Structures are given as structure tokens and as C-alpha cells.
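Only one structure is covered here, and it is reproduced in the block below.
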Amino acid sequence: KLCEGILNILEKDTKTSCQVACLEALRILSRDKKVLVPVTTKKNMQILMRLAKLETVEDPLERVSEFPVIVEALKCLCNIIFNSTVAQKLSLELNLAAMLCKLLEKCKDQQFVGDIKCFDLRLLFLLSLLHTDIRSQLRQELQGVQVLTQALESSLSVRWTEEYKIAEDRDRPPLSLQETDCAIEALKALFNVTLDSWNVHSKNESHQFRYMAAILRHCLLTTGPTEDKTEELH
Numbered sequence: 001k002l003c004e005g006i007l008n009i010l011e012k013d014t015k016t017s018c019q020v021a022c023l024e025a026l027r028i029l030s031r032d033k034k035v036l037v038p039v040t041t042k043k044n045m046q047i048l049m050r051l052a053k054l055e056t057v058e059d060p061l062e063r064v065s066e067f068p069v070i071v072e073a074l075k076c077l078c079n080i081i082f083n084s085t086v087a088q089k090l091s092l093e094l095n096l097a098a099m100l101c102k103l104l105e106k107c108k109d110q111q112f113v114g115d116i117k118c119f120d121l122r123l124l125f126l127l128s129l130l131h132t133d134i135r136s137q138l139r140q141e142l143q144g145v146q147v148l149t150q151a152l153e154s155s156l157s158v159r160w161t162e163e164y165k166i167a168e169d170r171d172r173p174p175l176s177l178q179e180t181d182c183a184i185e186a187l188k189a190l191f192n193v194t195l196d197s198w199n200v201h202s203k204n205e206s207h208q209f210r211y212m213a214a215i216l217r218h219c220l221l222t223t224g225p226t227e228d229k230t231e232e233l234h
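Here the sequence shown stands for residues 1 to 234, numbered as in the UniProt record's numbering.
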């Protein structure tokens, strides 16, 4: 009942502060599988996708005041998809992976979108882990290897000197916590998407994997904000 009441409020055009508070409550409740039954409907998934700016993929991320709503909606979707097989199936029907890839594209060269990017990547990781059809869709239809590699490259602030060679700056400061978390989520999603990629056929795939290998090498030479985070990154 409480989840249904929260979603009824979120369906309406309420103030940002109210939306954030409702989403925070829903995120906590969605950790419990027992309360997810009323949440995992197509209509309710679409409410959360709209709040996460996944249904308005053509609109740029301009209103910074809306960013906390987007982040909380993505966090809710992460919990719901992790805990519900119904939600996992609905994700394929609603083409959630394609919308997440488009949102990731919109995060390029944008300020203050680190948390959006991080939870977008986490959701892509969960979808690629829990649903084999979505994993295949990411690899074959959505150019997932390229999208995720570019997200990893951006998180590591890579500078190229040659086609497959990255500039090494030994005096470079450690990554921030947010940059490290984004890189870790991108790596986890990349692992899932490339899991069955031992046999590379096309010239484009060969280029993509050489490009990715150079970034992975650079990643091993990069440090995070703490020893534990560096170890997790590597």
C-alpha cells in the first residue's frame, strides 16, 4: 500500500523536493522483495523511467535542479531490477538498455552528471548480468562495447598519443571517488557484454578490442583515492 501511495504521488507533477523524498523512501522499501509486487508493473516502471529522464532521450540534461531526482530514480530502478525477475523481463519489453545508452551519451562533456553516469552504468551492469537477451542486445544492437569503453575512457580522463597508445603521466593525482566508482561500474558492465566475445570476426571489432585493451592497461596504472578503491578498480 505504501509503495502504491508513493508511486501515485510520483505520477503527478509535484515539487522536486517532494519527488526526491518519495524516491528515497521507495529506494529503501525496494530492498525488500516482498513489497515489490505492486511496483513491478509496466506503468510503474514507466513512471520511474520518466523521472530518470529515460523517456525523454532527445532532451538535453540542462536543469541541474532535476539531477537529484534522476539519480534517485536510477537508484530505485537498480534495486527493483536486482530484486525482481518481473522487472527484469519488463526491462527488455520497455527497451530500457537502449534508453540507458542514450542517457549515457547525453552525459558526455556535461558538468555535475557524475552520479547520473555512475548509476546509469550500474543499471547497465545489472541488466547485462541478470538478463541474457539484454546482454546480447547490448553487444549486437546497441554497440555496447563502444558505449561502455567510451564511458570508461571518460572516467579515466584518457589522453591519446597514438592510435592505441595512451599518454602516461606519472605525476597525475589519483582519481576522485566518483571517477573511480564510474570506472568500476563501466568495467563490470564491459565484462558482462564481452563475456562471449572470444571469437572476434570483423575489422571493426578488432579495432574496438585493441582500443579497449589500451584503456584497460592504462586503468591498471591508475590509482584511486584509497588503497581499497585502487584494488577494486584493478
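Don't be surprised by glycine CBs; every beta carbon is placed ideally from N, CA and C. All values reported here derive from a predicted model rather than from experimental measurement.
Nearest-angstrom Cβ-Cβ length linking Cys78 and Leu126, presumed shorter than 8 Å: Mapped onto the sequence shown, residue 78 falls at position 78. Mapped onto the sequence shown, residue 126 falls at position 126. The distance from the Cβ of Cys78 to that of Leu126 is about 6 Å, consistent with a contact at the 8 Å cut-off.
The region 77-96 in contact with the region 38-45 per 3-pair CB rule at 8 Å: At 8 Å Cβ cutoff, the stretches touch.
Coil, strand or helix - Lys89 by DSSP: For the purposes of this step, residue 89 is taken as the residue at position 89 of the sequence shown. Three-state DSSP puts Lys89 in a helix.
C-beta contact flag for Lys53 and Ile70 at 8 Å: Here residue 53 refers to the residue found at position 53 when the sequence shown is read from its first residue. Here residue 70 refers to the residue found at position 70 when the sequence shown is read from its first residue. A Cβ-Cβ contact shorter than 8 Å links Lys53 with Ile70.
Lys33 to Ser65 span [Cα, whole Å]: Taking the first residue of the sequence shown as position 1, residue 33 is located at position 33. Taking the first residue of the sequence shown as position 1, residue 65 is located at position 65. Going by the C-alpha atoms only, they are around 31 Å apart.
Pair within 8 Å by beta-carbon distance, Leu129 and Asn44: To locate residue 129, count along the sequence shown from 1; it is residue 129. To locate residue 44, count along the sequence shown from 1; it is residue 44. Result no, Cβ atoms of Leu129 and Asn44 do not sit closer than 8 Å.
Beta-carbon proximity list for Lys117, same chain, < 6 Å, skipping 5 on both sides: Walking along the sequence shown from the start, residue 117 turns up at place 117. Its chain contains Cys107, Cys182 as the residues whose beta carbon lies nearer than 6 Å to that of Lys117, once the 5 sequence neighbours on both sides are disregarded; these appear in chain order.
Cβ-Cβ separation, Thr132 to Tyr211 (assumed contact under 8 Å), whole Å: Residue 211 sits at position 211 when you count from the first residue of the sequence shown. Residue 132 sits at position 132 when you count from the first residue of the sequence shown. Not a contact, Cβ separation roughly 26 Å.
Residues bridged to Glu162 [DSSP beta-bridge criterion]: Numbered from its first residue, the sequence shown carries residue 162 at position 162. Within the DSSP bridge table, the entry for Glu162 names Lys165 as partners.
Beta-carbon contacts of Cys3 that lie in its chain and below 7 Å, excluding the five residues immediately before and after: Reading the sequence shown from its first residue, position 3 is the one you call residue 3. Answer for Cys3: Leu26, Leu29, Val35, Pro38, Val39, listed in chain order.
Three-state secondary structure assigned by DSSP to Ala52: In the sequence shown, counting from the first residue as 1, residue 52 sits at position 52. Secondary structure of Ala52 (DSSP, three-state): coil.
8 Å Cβ cutoff met for Glu185 and Leu121: Looking up residue 185 in the sequence shown gives position 185. Looking up residue 121 in the sequence shown gives position 121. In this structure, Leu121 lies closer than 8 Å to Glu185 by Cβ.
Close Cβ partners of Asp115 (< 6 Å) along its chain, the five nearest in sequence each way excluded: Locating residue 115 in the sequence shown gives position 115, where the first residue counts as 1. Counting only Cβ-Cβ distances below 6 Å, and skipping sequence neighbours, we find Val71.
Inter-residue Cα distance where the pair is Leu152 and Glu162: Your numbering for residue 152 matches position 152 in the sequence shown. Your numbering for residue 162 matches position 162 in the sequence shown. Glu162 has its alpha-carbon roughly 18 Å from the corresponding atom of Leu152.
Euclidean distance between Cα positions of Ala21 and Lys12: Residue mapping note: residue 21 aligns to position 21 of the sequence shown, counting from 1. Residue mapping note: residue 12 aligns to position 12 of the sequence shown, counting from 1. Cα-Cα distance, rounded: 14 Å.
Candidates Trp160, Ser176, Ser91, Asp171: closest to Arg135 by CA position: Walking along the sequence shown from the start, residue 135 turns up at place 135. Taking only the C-alpha atoms, the option nearest Arg135 is Ser91.
Spatial distance of Met99 from Ser155 (CA atoms): Translated into the one-based positions of the sequence shown, residue 99 becomes position 99. Translated into the one-based positions of the sequence shown, residue 155 becomes position 155. Roughly 20 Å separates the two Cα atoms.
Nearest neighbour of Ala214, chosen from Asp169, Lys165, His234 [CA to CA]: Here residue 214 refers to the residue found at position 214 when the sequence shown is read from its first residue. If we check each option's Cα against that of Ala214, Lys165 comes out closest.
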